[in-house]
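In the working numbering, the protein residues as written are 1387 to 1626. Where a beta carbon is used, it is the ideal one built from N, C-alpha and C, also for glycine.
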Amino acid sequence: MNCVIIDDEELPKKILAKLISQTTALDLIEVFDNPIEGLKFINNDENTIDLIFLDILMPNFSGFDLLRAIRSNAQIILISSAKDYALNAFEYSNITDYLLKPFQKDRFNKAIDKAVLQNNNLNILNSRSTTVGLSESEKEIFINTDKRLIKIKVSEIEYIEASGNFINIKTFNQMHLTYSSLKKIEAKLPASSFIRVHRSFIINYKEIIDIQDNSVLINNKLIPISRRYKTQLIKRINLL
């Protein structure tokens, strides 16, 4: 698992890096003492990150500030010298564990075991959902929402809307909110049914009811079409 550390304290950072180096399941790819630089790296879609060790108490920018700004689906292990924030920490769906400084090796190993298990389970679920040979109606994706993994049938998705650091996935019967980006979810969807129509929207074009000059109607939702994506949409639905 690729991991990063964001912590402004030098000694705990070095100890944590040493513990990670002794763990075969982890590969430490970056260490940051500046939370803003860490956030930029994490939110860059070109970087593959599975686990983030995030300090809560940092000057000018707390770990909770970063949590609200992180777009990555990576698991997060919060680190702190204070117990006071533990209850608040688990209100966030992508928090795997909470480690107290100074770090204890046994406790660190338990946290990593939990993270590895969760990562393996998610990989298994996603590999099953993208099995080659499945018909489009059988394909499924798994998303992390409300501290649960939810299975969604791809054929039941009407549209997906970006909302800050989250995306809203609208199915026939429900709206699902999850930490992710349109770029990441788009890679999981079949191009035969889904198309980007706006920087904030991906639609299942088979669910289009009506097309106007600069918008499409899906169910009762009027979705904008940007000039950048309009020609591609028209070609896709064979209107040219």
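| residue 1603 versus residue 1460 - alpha carbon distance | Taking the first residue of the sequence shown as position 1, residue 1603 is located at position 217. Taking the first residue of the sequence shown as position 1, residue 1460 is located at position 74. Going from the Cα of residue 1603 to the Cα of residue 1460 covers about 34 Å.
| Does the Cβ-Cβ distance between residue 1505 and residue 1431 come in under 8 Å? | Here residue 1505 refers to the residue found at position 119 of the sequence shown. Here residue 1431 refers to the residue found at position 45 of the sequence shown. Going by C-beta atoms, residue 1505 is not nearer than 8 Å to residue 1431.
| field | Backbone CA spacing between residue 1499 and residue 1483 [nearest angstrom] | value | Residue mapping note: residue 1499 aligns to position 113 of the sequence shown, counting from 1. Residue mapping note: residue 1483 aligns to position 97 of the sequence shown, counting from 1. In a straight line, the C-alpha of residue 1499 is about 11 Å away from that of residue 1483.
| task | Compute the beta-carbon to beta-carbon distance between residue 1485 and residue 1462, rounded to the nearest angstrom, for a pair I have assumed lies under 8 Å. | result | Taking the sequence shown and counting its residues from 1, the one referred to as residue 1485 is at position 99. Taking the sequence shown and counting its residues from 1, the one referred to as residue 1462 is at position 76. No, residue 1485 and residue 1462 are not in contact; Cβ-Cβ is about 11 Å, not under 8 Å.
| task | Taking residue 1589 and residue 1609 to be in contact with their CB atoms under 8 Å, please state how far apart those CB atoms are, rounded to whole angstroms. | result | Position 203 of the sequence shown, counting from 1, holds the residue named residue 1589. Position 223 of the sequence shown, counting from 1, holds the residue named residue 1609. Contact holds; Cβ gap of about 6 Å.
| query | For residue 1468, which option in 1452, 1455, 1457 and 1487 has the closest C-alpha, if you only look at C-alpha atoms? | reply | Along the sequence shown, read from residue 1 onward, the residue named residue 1468 stands at position 82. Nearest of 1452, 1455, 1457 and 1487 to residue 1468, Cα basis: 1487.
| request: Determine the direct distance from the alpha carbon of residue 1607 to that of residue 1471, and round the result to whole angstroms. | output: Working through the sequence shown from its first residue, we reach residue 1471 at position 85. Working through the sequence shown from its first residue, we reach residue 1607 at position 221. One C-alpha to the other measures close to 40 Å.
| field | With 16 other Cβ atoms within 10 Å as the buried cut-off, status of residue 1453 | value | Position 67 of the sequence shown, counted from the first residue, corresponds to residue 1453. Buried is the call here.
| said: Considering only the alpha carbon of each residue, which of 1438, 1444 and 1546 lies closest to residue 1579? | reply: Position 193 of the sequence shown, counting from 1, holds the residue named residue 1579. Across the set 1438, 1444 and 1546, the C-alpha of 1546 shows the shortest separation from the C-alpha of residue 1579.
| request: Taking all protein chains shown into account, decide if residue 1398 is buried (16 or more other Cβ within 10 angstroms of its Cβ) or exposed. | output: If you number the sequence shown from 1, residue 1398 lands on position 12. By the 16-neighbour rule on beta-carbons within 10 angstroms, residue 1398 is buried.
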